[in-house]
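The next block holds one structure in the form of structure tokens; read it before the comments.
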Amino acid sequence: MDHLPIFCQLRDRDCLIVGGGDVAERKARLLLEAGARLTVNALTFIPQFTVWANEGMLTLVEGPFDETLLDSCWLAIAATDDDTVNQRVSDAAESRRIFCNVVDAPKAASFIMPSIIDRSPLMVAVSSGGTSPVLARLLREKLESLLPQHLGQVARYAGQLRARVKKQFATMGERRRFWEKFFVNDRLAQSLANADEKAVNATTERLFSEPLDHRGEVVLVGAGPGDAGLLTLKGLQQIQQADIVVYDRLVSDDIMNLVRRDADRVFVGETRGLPLRPTGGNQPDPAA
Numbered sequence: 141m142d143h144l145p146i147f148c149q150l151r152d153r154d155c156l157i158v159g160g161g162d163v164a165e166r167k168a169r170l171l172l173e174a175g176a177r178l179t180v181n182a183l184t185f186i187p188q189f190t191v192w193a194n195e196g197m198l199t200l201v202e203g204p205f206d207e208t209l210l211d212s213c214w215l216a217i218a219a220t221d222d223d224t225v226n227q228r229v230s231d232a233a234e235s236r237r238i239f240c241n242v243v244d245a246p247k248a249a250s251f252i253m254p255s256i257i258d259r260s261p262l263m264v265a266v267s268s269g270g271t272s273p274v275l276a277r278l279l280r281e282k283l284e285s286l287l288p289q290h291l292g293q294v295a296r297y298a299g300q301l302r303a304r305v306k307k308q309f310a311t312m313g314e315r316r317r318f319w320e321k322f323f324v325n326d327r328l329a330q331s332l333a334n335a336d337e338k339a340v341n342a343t344t345e346r347l348f349s350e351p352l353d354h355r356g357e358v359v360l361v362g363a364g365p366g367d368a369g370l371l372t373l374k375g376l377q378q379i380q381q382a383d384i385v386v387y388d389r390l391v392s393d394d395i396m397n398l399v400r401r402d403a404d405r406v407f408v409g410e411t412r413g414l415p416l417r418p419t420g421g422n423q424p425d426p427a428a
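Numbering (this note's numbering), first residue to last: 141 to 428.
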């Protein structure tokens, strides 16, 4: 993994964009949507920047790059059409330990901007690490078509219920089972999309009143020759839902990387130099 995917809280934080053209405008729009206090430094500005400045949404500083503007910044973006200026911005930010994105030059940047699917508060980011922006865009467009527009409403409503879920269900396992049932309820999602408050409340109360299924099950997933791409869709779903995954040395790292991060992993079988771990007795029951 060349880059760590993170989501930054920029609300009311000072940010700087160097550049006043179309590319800088697109970056500025994103930072403004995230609530940043934005300063834009450039020799000239396209009209949209003047509109934003007149509305009090950002501050314009006309002139050559002024690195003292970075002194109070939390994050910077270099978006000029001059590679030398962009590198100066990157170097000045690096010396101040400020994250800096350099447009179209990922090697000169300390962070990169992904393609974004916005279903606020649900956000999906797709990145190729700067190696293939077109591929990242195509994947984003495909995901856009798969994720309904009302998904954000579902996520927001779930946030309103978190305290109630935590109070009613004592264990993490119970809460996870409730949420899995909650998020696949098409009637609830449609009611939220239609702003039908009565139907939303009725469906919610029914979900809370229905008993959770506490029975576990054992599922055997054939890993084949170790290529994760050869897993069936059903097999992938099962290992991503499992609470406990029992595996041996023939299961590849690529497949194990698909296991839910909070699942328990139990290795069985033989490892060179170590005693054989028994597969019988009081081992945990694998449950998916």
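Idealized CB from N, CA, C, for every residue including glycine.
According to DSSP, simplified to helix, strand and coil, what is residue i?
{"i": "residue 217", "result": "strand"}
{"i": "residue 146", "result": "coil"}
{"i": "residue 245", "result": "coil"}
{"i": "residue 160", "result": "coil"}
{"i": "residue 195", "result": "coil"}
{"i": "residue 179", "result": "strand"}
Should residue i go down as buried or exposed, given a rule of 16 or more other Cβ atoms within 10 Å for buried?
{"i": "residue 372", "result": "exposed"}
{"i": "residue 167", "result": "buried"}
{"i": "residue 349", "result": "exposed"}
{"i": "residue 300", "result": "exposed"}
{"i": "residue 208", "result": "exposed"}
{"i": "residue 155", "result": "buried"}
{"i": "residue 267", "result": "buried"}
Quick test of your reading: residue i and residue j, contact by CB under 8 Å. State the CB separation rounded to the nearest angstrom.
{"i": "residue 265", "j": "residue 256", "result": "6 Å"}
{"i": "residue 229", "j": "residue 158", "result": "5 Å"}
{"i": "residue 147", "j": "residue 312", "result": "With a Cβ gap of about 23 Å, residue 147 and residue 312 do not count as contacting."}
Check for me: the beta strand (DSSP E) holding residue i runs from which residue to which?
{"i": "residue 329", "result": "Looking at the DSSP string, residue 329 is not in any beta strand (DSSP E); the run it does join, the alpha helix (DSSP H), is 326-333."}
{"i": "residue 401", "result": "No beta strand (DSSP E) holds residue 401; DSSP gives it neither H nor E."}
{"i": "residue 262", "result": "262-266"}
Check for me: the alpha helix (DSSP H) holding residue i runs from which residue to which?
{"i": "residue 368", "result": "Careful: residue 368 lies outside any alpha helix (DSSP H) and carries neither H nor E."}
{"i": "residue 348", "result": "337-349"}
{"i": "residue 231", "result": "223-235"}
{"i": "residue 296", "result": "291-308"}
Any 3 or more C-beta pairs closer than 8 Å across the stretch 356-363 and the stretch 371-386: Three or more Cβ pairs closer than 8 Å define a contact, and the stretch 356-363 meets that threshold against the stretch 371-386.
Contact between the stretch 174-185 and the stretch 198-218 (3+ Cβ pairs under 8 Å): Between the stretch 174-185 and the stretch 198-218, the count of C-beta pairs closer than 8 Å reaches three or more; the two stretches touch.
Any 3 or more C-beta pairs closer than 8 Å across the stretch 219-239 and the stretch 187-202: no
Three or more C-beta pairs below 8 Å linking the stretch 284-302 and the stretch 319-332: Counting Cβ pairs under 8 Å, three or more are found: they touch.
Stretch pair the stretch 271-283 + the stretch 183-197: three plus CB contacts closer than 8 Å: no
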